[in-house]
């Protein structure tokens with residue numbers, strides 16, 4: 023009972039970044055042999071500025087992909103469009119595109135939580 027009372031005295035705020043669209047579509051690229059999709063990431067966390075991009079299959083195994091970078095900088099309350107390119111041979115395997123907040127060691131003053139948001143490919 024005491025621990026629940028303590029939680030009321032010290033409320034914790036929890037914020038995560040946002041990623042749209044929820045169900046991105048893969049499109050054929052102008053480069054032969056590549057497909058791509060675009061996701062939009064909005065940073066609502068003032069303690070995080072870097073986000074890792076990850077691509078997974080149905081069994082959550084990583085799939086290689088290309089893009090500007092695998093880790094992107096997004097300032098607080100900014101948003102960024104991120105193009106993700108995959109080989110056409112992996113087009114049928116890809117199921118999830120995720121972004122994960124990356125916490126810098128020097129920025130973590132208190133206990134911090136890393137957030138991961140995933141979109142499922144149509």
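In the numbering used here, the protein residues as written are 23 to 144.
Using N, Cα and C, we set each Cβ at its ideal position, and we do this for glycine too.
Residue 110 to residue 85 span [Cα, whole Å]:
Near 12 Å, if we compare the C-alpha coordinates of residue 85 and residue 110.
Could you give the DSSP three-state label for residue 105: helix, strand or coil?
strand
Can you give me the Cβ contacts of residue 43 inside the same chain, cut-off strictly under 8 Å, excluding the 5 residues immediately before and after it?
Result list for residue 43: 61, 62 and 141, in chain order.
With DSSP run on the structure shown, which of helix, strand or coil describes residue 110?
Note: residue 110 maps to helix in three-state DSSP.
Same chain, Cβ closer than 8 Å to residue 25, neighbours up to 5 away in sequence not counted:
Its pLDDT being 48, under 50, residue 25 is placed unreliably by the model, and the measurement read from it follows with that caveat. Within the same chain, residue 25 has no close Cβ partners at all.
Coil, strand or helix - residue 138 by DSSP:
strand
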